[in-house]
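Take the sequence shown: its position 166, counted from the start at 1, is 166 in the UniProt record's numbering, and no numbers get skipped.
Note that CB positions come from ideal geometry on N, CA and C, so glycine has one too.
Owing to the predicted nature of the structure, the values given are computational and were not obtained by experimental measurement.
Here's the structure we're looking at; comments come further down.
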Amino acid sequence: MTTTTSQETTVTTAVTDRAQRIEKLRAAAYRIRLNALNMGEVQGQGYIGQALGVADVLAVAYTDQLNHRPEDPHWDGRDRFLLSIGHYAIALYAALAEAGIIPVEELETYGSDESRLPMSGMASYTPGMEISGGSLGHGLTVATGMALGLRHLGNPARVYNLLSDGELDEGSTWEAAMQIAHHGLDNVTAIVDVNALQADGPTEGILRTEPVTDKWRAFGWHAIRVDGNDIEALVDAFDEARAHKGAPSVIICDTRIGRGVPLLETREKAHFMRVGAEEWQTTRDQLAEGFNAAGSATDTEGSDR
Ligand SMILES: [Mg+2]
């Protein structure tokens, strides 16, 4: 009887721990989106849709998964997070602020002269920015070298590379994918943001990448595909990727451009968004509304258990 009670207690504690973990991440994702909107307002435009779409992925990476020291961004034991899509810098700055690597107040300098936060990600400017991205298709090649080096040195740190689905058009991405699998670099996790859009239009119409999961598997990767706006699914996918041994892992994340802000989810020109000066407050109001409504739903579910 005592044993049963103890097991029940353990199970209940595990459920509560997981619920708290998810709720913490949901709040982090909300703040990342809010940071991105505030930065967007500074410039009046930008890659806002991508930032909102990938916020859940970054929340899970930076506040749940990455082994890092916010006060020492160059710590040798840190997990490396490579942003090869330099135009997503606004999203990464939002996450770096949430993770405590750069001060939240600094975000208002975004894109201005003398700022450490240029509009495209550059390693020499920003603490926590591992590589200068933007010329697409180089992140995974750099990850190859870093991961080989870490293994050679016996350093247990992991290498993550966030790619876009448009970046799968680059041949160098697939050369690196072959190399990483060939060397059995299970310290690499690639994350692909599949928002089905790229600069010139819908991905499907530019260069078809589907069936994308099968392609990665054919290249020797452990491939996991999830709803990239589902925090629970993301947590499980990252945990699975870290535990998988003998081959690299890729997490293919289906995300929605503008996620969390209905006004922007439906915007036609979504790759590079222009948002009117009078619209920014609406975007923040809609974001808060959605966050609070989802919170109430979670509370109700919780009380039913
Ligand atoms: Mg895309």
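Query: With three or more C-beta pairs closer than 8 Å as the rule, is the region 43 to 62 touching the region 252 to 272?; Result: yes
Query: Please report the residue range of the beta strand (DSSP E) in which S164 lies.; Result: 159 to 164
Query: Compute the minimum distance between the beta carbon of N195 and the heavy atoms of ligand 1, and state whether it is under 7 Å.; Result: yes
Query: Given L287, which residues of its chain have a CB within under 6 Å of its CB, disregarding the five upstream and five downstream residues?; Result: R33, G260, V261
Query: Could you tell me if T2 is buried or exposed, where buried requires 16 or more neighbouring beta carbons within 10 angstroms of its beta carbon?; Result: Residue placement at T2 is poorly supported in this model, since its pLDDT is 49, which falls under 50; the coordinates are not used for a value here.
Query: Where does T255 sit, in a helix, a strand or coil, going by DSSP?; Result: coil
Query: Roughly how many angstroms lie between the CA atoms of V212 and A223, to the nearest whole one?; Result: 9 Å
Query: What's the C-alpha gap between A297 and S135?; Result: 42 Å
Query: Please report the straight-line C-alpha distance between V192 and A277, rounded to a whole angstrom.; Result: 32 Å
Query: Determine the contact status of D79 and N67, defining contact as a CB-CB distance below 8 Å.; Result: yes
Query: If the criterion is Cβ atoms closer than 8 Å, does the pair residue 309 and A36 meet it?; Result: Nothing can be reported for residue 309: it is not among the residues displayed for the chain, which extend from 1 to 305.
Query: Roughly how far, in whole angstroms, is the beta-carbon of T203 from the beta-carbon of Y160, given that I think they are within contact range, below 8 Å?; Result: With 8 Å as the limit, T203 and Y160 do not qualify as a contact, their Cβ atoms being about 22 Å apart.
Query: Leaving out five residues on either side along the sequence, give the residues of the same chain with a beta carbon under 7 Å from the beta carbon of G100.; Result: P70
Query: What distance in whole Å lies between the Cβ atoms of L140 and L162, which are believed to be in contact at a cut-off of 8 Å?; Result: So it is not a contact: roughly 10 Å between Cβ atoms.
Query: Among the candidates A14, G40, G149, whose CA atom is the shortest distance from the CA of P118?; Result: G40
Query: For F291, which residues in the same chain have their Cβ closer than 7 Å to its Cβ, ignoring the five residues on either side in sequence?; Result: Y30
Query: Is G201 near ligand 1, judged by its Cβ being under 7 Å from some heavy atom?; Result: no
Query: For W216, which residues from the same chain have a beta carbon less than 6 Å from its beta carbon, with the 5 sequence-adjacent residues on both sides left out?; Result: A223, V250
Query: Helix or strand or just coil, what does DSSP make of R18?; Result: helix
Query: Taking Cβ to Cβ, would you say A199 is nearer than 8 Å to G166?; Result: yes
Query: From the DSSP output, in three-state form, read off G134 for me.; Result: coil
Query: Mapping the DSSP letters down to three states, classify P118 as helix, strand or coil.; Result: coil
Query: Report the CB separation of A147 from L185 in whole angstroms; it is logged as a contact under 8 Å.; Result: 4 Å
Query: Write down the C-beta distance between D169 and L207 rounded to the nearest angstrom, noting that I regard them as a contact closer than 8 Å.; Result: 5 Å
Query: Taking the DSSP output, what are the residues bridged to Q45?; Result: R274
Query: Using the three-state DSSP reduction, which class does S303 fall into: helix, strand or coil?; Result: Reliability of the predicted coordinates at S303 is poor, the pLDDT of 44 falling under 50, and the value obtained from them is presented with this limitation in mind. Helix.
Query: According to the Cβ coordinates, are A143 and L82 closer than 8 Å?; Result: yes
Query: Please state whether DSSP places P262 in a helix, a strand or coil.; Result: helix
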